[in-house]
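Student: Position one of the sequence shown corresponds to residue 1 (my numbering), numbered consecutively onward. Every residue, glycine too, gets a C-beta built ideally from N, C-alpha and C. One structure, as structure tokens, below. Some questions next.
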Amino acid sequence: MARRSDGVVVGDALGCPVQFRTRQEVKADPVKKMIGYGTFNLPAGSWTDDSSLTLALLSSIGDRKSVDTTDIMNRFVEWLDDGEYTPFGMSFDIGRGTMIAIEKYKRTHDAVTCGGTSEHDNGNGSLMRILPACIYGYVSGLSGEEAVDLIHRVSALTHGHMRSKMACGIYYFCMKSILDVEGPLKERLQRGVTAAFDFYEKNSDKYGGATEKYGNDELAYYDRIRDIEAFSELPEKDIKSSGYVVDSLEAAIWCLATTGSFEECELKAVNLGEDTDTIGAIAGGLAGIFYGYDAIPSDWLEVIQRREWIEERCDVEAK
Numbered sequence: 001m002a003r004r005s006d007g008v009v010v011g012d013a014l015g016c017p018v019q020f021r022t023r024q025e026v027k028a029d030p031v032k033k034m035i036g037y038g039t040f041n042l043p044a045g046s047w048t049d050d051s052s053l054t055l056a057l058l059s060s061i062g063d064r065k066s067v068d069t070t071d072i073m074n075r076f077v078e079w080l081d082d083g084e085y086t087p088f089g090m091s092f093d094i095g096r097g098t099m100i101a102i103e104k105y106k107r108t109h110d111a112v113t114c115g116g117t118s119e120h121d122n123g124n125g126s127l128m129r130i131l132p133a134c135i136y137g138y139v140s141g142l143s144g145e146e147a148v149d150l151i152h153r154v155s156a157l158t159h160g161h162m163r164s165k166m167a168c169g170i171y172y173f174c175m176k177s178i179l180d181v182e183g184p185l186k187e188r189l190q191r192g193v194t195a196a197f198d199f200y201e202k203n204s205d206k207y208g209g210a211t212e213k214y215g216n217d218e219l220a221y222y223d224r225i226r227d228i229e230a231f232s233e234l235p236e237k238d239i240k241s242s243g244y245v246v247d248s249l250e251a252a253i254w255c256l257a258t259t260g261s262f263e264e265c266e267l268k269a270v271n272l273g274e275d276t277d278t279i280g281a282i283a284g285g286l287a288g289i290f291y292g293y294d295a296i297p298s299d300w301l302e303v304i305q306r307r308e309w310i311e312e313r314c315d316v317e318a319k
């Protein structure tokens, strides 16, 4: 499991310079390597909130040897207010839902009630940072239900609607399948998605209340990925790369299912345009799990800002 969160950082950094550009704009000047400047006028290898929050979560789990939601939120505050877990000592590219949740936590000091729970609170801000919680659930030997409950709880720190929590749960099952199942990546993704759908369908009545149950009505938003083979045959024009959590999960899985290397997957992800850094980070997390650290292009890794510090954090994750 060593160093698998590096894929998140690399994907984030690859997409950072072209974030918010339309697909047409990116296609006119596609990303072919790790570049700098662009959207945020930062040097090559700069990473954004996706990596910052992932590294804050990873650091909390590594230091505490558990999932401590208060400690995690305290670290999110350090990121927002003090520039901790950033490449240059300042937080930037801050998602609206994440900002609101952290500011609420600063007022209430109640970590578990801060995440938005409305229909409009389904950005990709928890999915982009969820990998360390998924890894923790896996290596701790938790049951499926225990792992999903933990991952939902970590998602809900900033994104508490079931649709957002469910995206994180599906991501977990895909990660688990990649680690547990032999065979091509597309086959492993199918096994993971099938396991996720089976789990949520069997537990649809576990929780009461519109936003606190495993609801088949919410699962229906992910129907397009139920059949990975059919989904992978969709043309690029049918794949959206927005900040909406369903779009983001779909885009990441589509890139994973239609490519054959870490490099190819990540270039495809960021060249979709729009929320390029986050699509790159989400896809990069699972690509890193499947292909491994050594598959990440060395020239990409060499320019990652604060690389040694990141590697120290990821080494803690591996222990």
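If you scan the segment 17-93 from start to end, which runs of the beta strand (DSSP E) of 3 or more residues do you find wholly inside it?
Tutor: List check, beta strand (DSSP E) in window: nothing returned.
Student: Strictly by DSSP, which residues pair up with Y105?
Tutor: Answer is none; Y105 lacks a bridge partner.
Student: Hey, is the segment 254-270 in contact with the segment 291-298, meaning 3+ C-beta pairs nearer than 8 angstroms?
Tutor: Counting Cβ pairs under 8 angstroms, three or more are found: they touch.
Student: Going by CA-CA distance only, name the one from G284, P87 and V246 that's closest to Y303.
Tutor: The identity of residue 303 in the sequence shown is Val, whereas the question assumes Tyr. Residue P87 is the option with its Cα nearest to V303.
Student: With three or more beta-carbon pairs closer than 8 angstroms as the criterion, would you say the segment 29-38 touches the segment 106-124?
Tutor: With a cut-off of 8 angstroms, the segment 106-124 and the segment 29-38 do not count as touching, because too few Cβ pairs lie within range.
Student: So, under 8 angstroms CB-CB, F76 and A56 are touching, yes? Tell me the CB distance rounded to an integer number of Å.
Tutor: Contact flag correct, Cβ pair sits at about 6 angstroms.
Student: Could you give the distance in angstroms between the alpha-carbon of W254 and the alpha-carbon of F173?
Tutor: The straight-line gap from Cα to Cα measures roughly 16 angstroms.
Student: With 16 other CB atoms within 10 Å as the buried threshold, where does D49 fall?
Tutor: Result: buried.
Student: Here's the rule I'm using: 16 or more other beta-carbon atoms within 10 Å means buried, otherwise exposed. How should H120 be labelled?
Tutor: It is exposed - the Cβ of H120 has fewer than 16 other Cβ atoms within 10 Å.
Student: Can you round the beta-carbon distance between G280 and G11 to whole angstroms, since I take them to be within the 8 angstroms contact cut?
Tutor: Confirmed, about 3 angstroms.
Student: Compute the distance between the beta-carbons of H159 and S126, then report whether it is under 8 angstroms.
Tutor: Yes, the Cβ-Cβ distance between H159 and S126 is below 8 angstroms.
Student: Here's a check: name, in chain order, each residue in its chain whose Cβ is nearer than 7 angstroms to the Cβ of R306, leaving out the five neighbours to either side.
Tutor: Counting only Cβ-Cβ distances below 7 angstroms, and skipping sequence neighbours, we find P87.
Student: Between the alpha carbons of I100 and D277, how many angstroms are there, rounded?
Tutor: Roughly 21 angstroms between the two C-alpha positions.
Student: How big is the Cα-Cα spacing for E250 and E78?
Tutor: Taking the straight line from one Cα to the other gives about 31 angstroms.
Student: With a CB to CB cut of under 8 angstroms and the five nearest residues on each side skipped, what residues in its chain are close to T211?
Tutor: Its pLDDT being 40, under 50, T211 is placed unreliably by the model, and the measurement read from it follows with that caveat. Once the five neighbours on either side are set aside, the close Cβ partners of T211 are T117, G160, H161 and M162.
Student: For H152, report the span of its alpha helix (DSSP H) as first-last.
Tutor: Its alpha helix (DSSP H) spans residues G144 to S155.
Student: Can you give me the C-alpha to C-alpha distance between V154 and N122, rounded to a whole angstrom?
Tutor: Between V154 and N122, the C-alpha separation is close to 15 angstroms.
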